[in-house]
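S.K.: Dropping a structure here in structure tokens format, bear with me for questions.
Protein chains: 2
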Amino acid sequence: MSKELTSRGEDYSKWYNDLVVKADLADHSAVRGCMVIKPYGYGIWENMQKALDKMFKDTGHQNAYFPLFIPKSLFEAEEKNAEGFAKECAIVTHYRLKTDPNNKGKLIVDPEAKLEEELIVRPTSEAIIWNTYKSWIQSYRDLPILVNQWANVVRWEMRTRLFLRTAEFLWQEGHTAHATKEEAIAETKQMLEVYADFVENWMAVPVVKGVKSANERFAGADDTYCIEALMQDGKALQAGTSHFLGQNFAKAFDVKYVTKDNKQEYVWATSWGVSTRLIGALIMSHSDDNGLVLPPKLAPIQVVIVPIYKGDEGLAKVSETANEIKKKLQAKGISVKYDDRDSQRPGWKFAEYELKGVPVRIAIGERDLANGTVEVARRDTLTKETVSIEGIDTLVDNLLNEIQANLFNKAKARNTELTTTVNSYEEFKKVLDEKTGFVYAHWDGTPETEEKIKEETKATIRCIPLNNLQEAGVCIYSGKPSTQRVMFARAY
Amino acid sequence: MSKELTSRGEDYSKWYNDLVVKADLADHSAVRGCMVIKPYGYGIWENMQKALDKMFKDTGHQNAYFPLFIPKSLFEAEEKNAEGFAKECAIVTHYRLKTDPNNKGKLIVDPEAKLEEELIVRPTSEAIIWNTYKSWIQSYRDLPILVNQWANVVRWEMRTRLFLRTAEFLWQEGHTAHATKEEAIAETKQMLEVYADFVENWMAVPVVKGVKSANERFAGADDTYCIEALMQDGKALQAGTSHFLGQNFAKAFDVKYVTKDNKQEYVWATSWGVSTRLIGALIMSHSDDNGLVLPPKLAPIQVVIVPIYKGDEGLAKVSETANEIKKKLQAKGISVKYDDRDSQRPGWKFAEYELKGVPVRIAIGERDLANGTVEVARRDTLTKETVSIEGIDTLVDNLLNEIQANLFNKAKARNTELTTTVNSYEEFKKVLDEKTGFVYAHWDGTPETEEKIKEETKATIRCIPLNNLQEAGVCIYSGKPSTQRVMFARAY
């Protein structure tokens with residue numbers, strides 16, 4: 207195979223980058239830190255969108271669209287939020303180019319077309335949305351507002367990696383408005399459950415649900431709930447966040463409503479989002495040294511059929527059966543590609559679809575036709591077996607479910623294996639360096655201790671797990687009393 | 207009804223703006239020229255996207271995603287294209303804000319975070335895409351590339367109108383690469399047919415298919431094909447364009463491929479797009495002084511059921527039957543809303559759903575229950591009749607098809623009525639002023655004449671219709687010989 211990958215053992219980071227590019231998922235672009243999402247990678251995103259969008263609508267949300275740009279005066283209205291994103295904003299200052307008088311055929315920014323007020327390319331949309339909600343909300347009858355937006359956002363990151371951290375990325379951002387604190391908190395938790403459901407049951411990636419420490423909280427939130435996943439290299443990846451924003455944005459944008467008792471109250475808010483970063487999590491959870499491994503529920507192609515034949519006559523014979531199988535599988539709602547290109551040999555195709563993580567491969571040879579059999583290969587275990595064509599649709603359907611479950615169970619077992627409870631800072635550091643993974647340790651609850659631990663070990667508190675065991679102990683760093691262990695890890 | 211609309215007769219333009227805002231489709235935002243698309247308006251766009259996306263995929267296209275920003279040096283590479291969009295570009299010049307030392311809590315652009323090269327917010331993506339295709343294309347085996355993108359674009363328009371012309375809008379842009387000129391032209395025409403099919407059969411808006419004159423061509427295209435629709439006020443609206451780009455972008459970005467005979471050739475290109483502007487066309491084609499009229503195939507809510515009752519007990523009785531009807535209709539794939547809110551009276555609800563253009567309204571009263579009947583009202587004709595609940599699902603299903611057909615036929619009849627053939631410039635001007643609509647007239651084929659006519663009458667050549675009748679004549683303006691009549695109109 208010409209598209210040789212670096213192995214994970216050799217260089218995990220290089221393996222990841224190689225894989226993203228060689229499996230045709232995405233590529234770097236001419237714009238610093240921005241990626242091109244190629245059709246195969248975008249196909250995964252479309253499947254993610256479809257599943258998530260249905261979940262959002264099933265929980266009563268509607269989609270809408272708000273402007274890409276945020277006037278600076280609105281951007282700075284919620285101070286903590288503004289401070290959190292100010293250092294990584296793309297800023298529009300002009301609205302016209304003109305021909306360069308000194309350089310034929312070239313353009314320059316027209317200095318006469320300077321904007322009176324600069325526009326920030328949205329890094330997140332709370333500011334523009336809450337400024338809009340102000341005119342949507344007068345009375346309790348206008349609440350709740352349950353709105354989601356599918357959009358691109360820009361955060362000027364200095365060190366970027368395809369899917370994981372890019373200057374522009376695609377995401378969805380839910381922004382809801384509620385009459386009461388209780389209702390807003392219930393919404394925040396509901397969306398966390400939706401994300402956990404999606405990541406575990408569609409992506410086959412197990413997660414830990416929890417709440418962030420103050421240091422790791424979204425800028426402008428009172429509480430940030432999150433789901434944390436563990437990659438194959440033992441590093442954590444934040445897969446989704448759901449924020450309880452309190453009345454911070456309502457106060458910044460003066461959004462009040464009249465209650466049933468005719469009083470004026472500030473509105474309560476939540477926001478929640480997942481992004482194309484999930485594709486990075488998907489890749490790093492399941493893939494191997496041969497390439498991508500995709501969970502069947504999100505694979506753009508679930509089954510590929512490869513013919514093995516000699517000559518046009520051979521191909522015609524094999525194709526007849528292949529197309530019958532394709533139809534049967536499609537009737538079960540399975541997405542199938544029959545690759546009958548004569549420009550590539552079967553061995554090349556096998557390697558190609560392995561690299562691209564197609565869950566099931568069916569090979570049909572001329573000899574198989576006489577026996578009424580085909581060869582079925584699984585991408586997850588790299589095993590294959592000869593099976594009867596009779597009943598192939600049911601067999602493949604079951605196999606796809608089995609692969610989906612197997613991927614989740616493997617990842618779940620890895621998470622369990624890579625979760626450690628420690629009692630001292632020495633042990634903590636040793637586990638981080640030698641075993642990696644999630645490390646549960648007592649912490650005194652102060653931002654200062656968290657900061658020190660981060661500086662010294664590069665580990666952060668990923669979350670305080672929901673329904674965490676309450677137990678007296680002492681902080682591994684300060685020795686001060688602690689009421690529970692929190693979950694640390696080095697993270698993407 | 208509190209949401210009184212301006213009538214079309216009184217002020218067509220104000221009627222349109224009122225309608226967009228009062229029917230909850232979209233609203234102005236805090237950002238100059240940018241709109242907020244509200245959930246009800248976005249629901250129409252989602253239905254449009256779903257239908258178009260399937261058509262694109264059925265014709266072999268895949269979706270992908272390219273960066274929002276275009277470095278200035280790439281933007282200016284195709285000179286005509288650059289020149290065409292240079293005067294209306296949002297330009298990013300900085301990537302960081304900092305706290306204002308003179309103004310606590312405020313932010314200013316950090317002068318030290320100036321970009322080395324300015325970034326243009328895409329007004330269209332040919333430049334960034336063809337710079338990318340350069341690395342995707344080596345041999346004839348890599349062709350064709352059939353890619354589409356759903357995205358936001360920004361054109362700094364000075365005079366904006368909701369949906370019709372906004373600084374930011376949502377659209378799809380297809381960008382294809384081909385080995386031969388013939389194949390690229392066939393693709394251009396195929397996508398024009400796809401657009402015509404969508405606009406006529408989903409939006410119920412009849413169109414004229416044609417090709418643009420040189421003056422009206424897309425900047426960077428060799429030929430622009432278009433579909434032109436006619437609004438109720440007799441003005442034309444360009445509903446979609448499909449461009450044959452020749453080798454212009456391949457040459458600007460040096461994109462060549464090796465042919466089967468091992469020669470180097472430049473690649474041939476097309477691009478094609480439709481945008482949220484279509485929602486404006488939809489509104490102005492069918493709606494009336496009572497509000498929106500939506501074609502059933504794109505209506506977010508196809509049927510609304512309104513209960514008429516006294517007291518909780520009455521509502522409970524009516525709701526039982528209403529919910530049964532709702533289920534039956536949903537089983538036919540019809541989207542139904544049962545509005546049992548007790549905060550509004552039936553008359554208010556009737557007006558509200560009329561304003562929002564819901565195609566069919568079913569009212570159920572307590573008296574109806576005894577008779578086994580309901581009242582069914584059509585939005586398009588504003589007529590109503592009492593029908594039996596027995597077989598209501600089939601009746602409504604047929605009625606939705608009838609409404610869809612009726613809207614198209616009404617618009618088609620209007621187009622026919624408002625299409626005039628003229629023989630002199632006097633007649634031309636008289637028709638434009640008094641009758642309006644599409645005006646067919648002989649033209650000498652020169653940009654100069656076209657420009658003069660535009661200056662004097664505000665009418666432009668909307669297109670040279672495909673399969674146009676060839677007939678000798680003289681130009682209505684210059685008196686020079688002409689071989690065919692072209693289609694003029696005043697346009698949005």
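Which chain is which? The protein sequence lines are D and B, in order.
Plus 206 on top of the position in the first sequence (first one is 1) and you've got my numbering.
Plus 206 on top of the position in the second sequence (first one is 1) and you've got my numbering.
All C-beta atoms in this analysis are idealised placements derived from N, C-alpha and C, irrespective of residue type, glycine included.
Treat the numbers as computed from the prediction; the structure is a model and nothing was measured.
Could you give the first and the last residue of the continuous beta strand (DSSP E) run that contains V524/D?
M.R.: Mapped onto the first sequence, residue 524/D falls at position 318. Note, V524/D: premise wrong, no beta strand (DSSP E); alpha helix (DSSP H) at 517-537.
S.K.: In the DSSP assignment, the alpha helix (DSSP H) including T261/B goes from what residue to what residue?
M.R.: Translated into positions along the second sequence, residue 261/B becomes position 55. Contrary to the premise, residue 261/B reads as Met rather than Thr in this sequence. Residues 245-264.
S.K.: Give the straight-line distance between the Cα atoms of M693/D and K534/D, rounded to the nearest whole angstrom.
M.R.: Position 487 of the first sequence, counted from the first residue, corresponds to residue 693/D. Position 328 of the first sequence, counted from the first residue, corresponds to residue 534/D. Rounded to the nearest angstrom, the two C-alpha atoms are 48 Å apart.
S.K.: Taking 8 Å as the CB-CB cut-off, is F275/B touching chain D?
M.R.: As a working mapping, residue 275/B is identified with position 69 in the second sequence. It does; some Cβ of chain D falls within 8 Å.
S.K.: Please identify the residue among Y646/D, V580/D, A611/D, G290/D whose C-alpha is closest to the C-alpha of L624/D.
M.R.: Taking the first residue of the first sequence as position 1, residue 624/D is located at position 418. Closest by alpha carbon: Y646/D.
S.K.: Is the Cβ of V327/B closer than 8 Å to any Cβ of chain C?
M.R.: The structure shown has no chain C; the protein chains it does contain are D and B.
S.K.: Distance check for L303/D and A425/B, CA to CA, integer angstroms please.
M.R.: Here residue 425/B refers to the residue found at position 219 when the second sequence is read from its first residue. Here residue 303/D refers to the residue found at position 97 when the first sequence is read from its first residue. Using only the alpha carbons, I get a separation of about 16 Å.
S.K.: So A617/B and S477/B are in contact, right, with Cβ under 8 Å, and what is the actual spacing, rounded?
M.R.: Here the question's residue 617/B lines up with position 411 in the second sequence. Here the question's residue 477/B lines up with position 271 in the second sequence. Incorrect: roughly 28 Å between the Cβ atoms, too far for contact.
S.K.: Relative to the alpha-carbon of I649/D, which residue among E422/D, T689/D, V417/D has its alpha-carbon at the smallest distance?
M.R.: Here the question's residue 649/D lines up with position 443 in the first sequence. According to the sequence provided, residue 649/D is Trp. The question's Ile does not apply to it. It is T689/D whose Cα lies nearest to the Cα of W649/D.
S.K.: Is S741/D close to chain B, meaning its C-beta is less than 8 Å from at least one C-beta of that chain?
M.R.: No answer is possible for residue 741/D: the residues shown for chain D start at 207 and end at 698.
S.K.: Span of the beta strand (DSSP E) holding E434/B?
M.R.: Position 228 of the second sequence, counted from the start, is the residue given in the question as residue 434/B. First-last of the beta strand (DSSP E) with E434/B: 429-436.
S.K.: 8 Å is my cut-off, CB to CB: does A505/D come that close to chain B?
M.R.: Your numbering for residue 505/D matches position 299 in the first sequence. Not an interface residue.
S.K.: S213/B: which of D494/B, A373/B, Y339/B, W342/B sits nearest, CA to CA?
M.R.: On the second sequence, position 7 is the one that residue 213/B refers to. Selected option, being the one with the closest Cα: D494/B.
S.K.: Pairing CB atoms from the segment 325-342 of chain B with CB atoms from the segment 231-248 of chain D, are three or more of them under 8 Å?
M.R.: Because the criterion of three Cβ pairs below 8 Å is met, the segment 325-342 of chain B and the segment 231-248 of chain D touch.
S.K.: Compute the distance between the beta-carbons of E282/D and L313/B, then report whether it is under 8 Å.
M.R.: Start at 1 with the first residue of the first sequence, and residue 282/D comes out as number 76. Start at 1 with the first residue of the second sequence, and residue 313/B comes out as number 107. Yes, the Cβ-Cβ distance between E282/D and L313/B is below 8 Å.
S.K.: With a threshold of 7 Å on Cβ separation, who are the neighbours of E471/D within its own chain once the five nearest residues in sequence on each side are excluded?
M.R.: Mapped onto the first sequence, residue 471/D falls at position 265. So the list reads K462, Y463, T465, once near-sequence residues are dropped.
S.K.: Give a yes or no on whether 8 Å exceeds the smallest Cβ distance from V242/D to chain B.
M.R.: Here residue 242/D refers to the residue found at position 36 when the first sequence is read from its first residue. Yes, contact with chain B.
S.K.: Does any residue of chain B have a CB that is nearer than 8 Å to the CB of G311/D?
M.R.: The residue you call residue 311/D lines up with position 105 of the first sequence. Judged by the 8 Å Cβ criterion, G311/D is in contact with chain B.
S.K.: Are at least three pairs of beta-carbons, each pair with one atom in the segment 502-515 of chain B and one in the segment 431-438 of chain B, less than 8 Å apart?
M.R.: Contact fails: fewer than three Cβ-Cβ distances are below 8 Å.
S.K.: Round the Cβ separation of V353/D and V298/B to the nearest angstrom and send it over; I've been treating them as touching at under 8 Å.
M.R.: In the first sequence, the residue the question calls residue 353/D occupies position 147. In the second sequence, the residue the question calls residue 298/B occupies position 92. No, V353/D and V298/B are not in contact; Cβ-Cβ is about 27 Å, not under 8 Å.
S.K.: Would you check if there are 3 or more beta carbon pairs closer than 8 Å linking the segment 681-688 of chain B to the segment 345-359 of chain B?
M.R.: Taking a cut-off of 8 Å on C-beta distances, the segment 681-688 of chain B does not touch the segment 345-359 of chain B, as fewer than three cross pairs fall below it.
S.K.: Is it true that the segment 592-600 of chain B meets the segment 561-579 of chain B, where meeting means three or more beta-carbon pairs spaced less than 8 Å apart?
M.R.: With the cut-off at 8 Å, the segment 592-600 of chain B and the segment 561-579 of chain B touch.
S.K.: Give the interface partners of K543/B over in chain D, defined as CB-CB distance under 8 Å, in chain order.
M.R.: For the purposes of this step, residue 543/B is taken as the residue at position 337 of the second sequence. Under the 8 Å cutoff, chain D gives no residues; its nearest Cβ is about 12 Å from K543/B.
S.K.: Looking at the C-beta of A475/B, does it have a partner C-beta in chain D at a distance below 8 Å?
M.R.: Residue mapping note: residue 475/B aligns to position 269 of the second sequence, counting from 1. Output row for A475/B: interface = no.
S.K.: I need the DSSP call for P501/B, collapsed to helix, strand or coil.
M.R.: Here the question's residue 501/B lines up with position 295 in the second sequence. Coil, per DSSP.
S.K.: Please report whether the beta-carbon of V580/D lies at a distance below 8 Å from any beta-carbon of chain B.
M.R.: The residue labelled residue 580/D in the question sits at position 374 within the first sequence. Not an interface residue.
S.K.: For K699/D and L561/D, I'd like the C-alpha separation in whole angstroms.
M.R.: Chain D is shown only over 207 to 698; residue 699/D falls outside these bounds and no answer can be derived.
S.K.: Could you list which residues in chain D have their beta carbon closer than 9 Å to that of H384/B, in chain order?
M.R.: For the purposes of this step, residue 384/B is identified with residue 178 of the second sequence, where counting begins at 1. Neighbours of H384/B across chain D, judged by C-beta separation under 9 Å, do not exist; the nearest C-beta is about 17 Å away.
S.K.: Which whole runs of the beta strand (DSSP E) in the segment 371-400 of chain B are 3 residues long or more, in chain order?
M.R.: 374-384
S.K.: What are the start and end residues of each continuous alpha helix (DSSP H) run of 4 or more residues lying completely inside the segment 544-600 of chain B, in chain order?
M.R.: Counting only runs of 4 or more, we get 552-561, 572-577.
S.K.: Are the C-beta of C432/B and some C-beta of chain D separated by less than 8 Å?
M.R.: Working through the second sequence from its first residue, we reach residue 432/B at position 226. Judged by the 8 Å Cβ criterion, C432/B is not in contact with chain D.
S.K.: In chain order, which continuous runs of the beta strand (DSSP E) of length 3 or greater are located wholly inside the segment 626-659 of chain B?
M.R.: 644-648
S.K.: Strictly under 8 Å for the Cβ-Cβ distance: is W377/B near chain D by that measure?
M.R.: Position 171 of the second sequence, counted from the first residue, corresponds to residue 377/B. No, W377/B does not count as interfacial toward chain D.
S.K.: Against chain B, does I250/D count as a neighbour if the rule is that its beta carbon must be under 8 Å from one of theirs?
M.R.: Sequence index remark: in the first sequence, residue 250/D carries index 44 (1-based). Cβ-Cβ to chain B under 8 Å: no for I250/D.
S.K.: Can at least three beta-carbon pairs, one atom from the segment 445-460 of chain D and one from the segment 401-413 of chain D, be found at a separation below 8 Å?
M.R.: The segment 445-460 of chain D makes contact with the segment 401-413 of chain D; the number of CB pairs closer than 8 Å reaches 3 or more.
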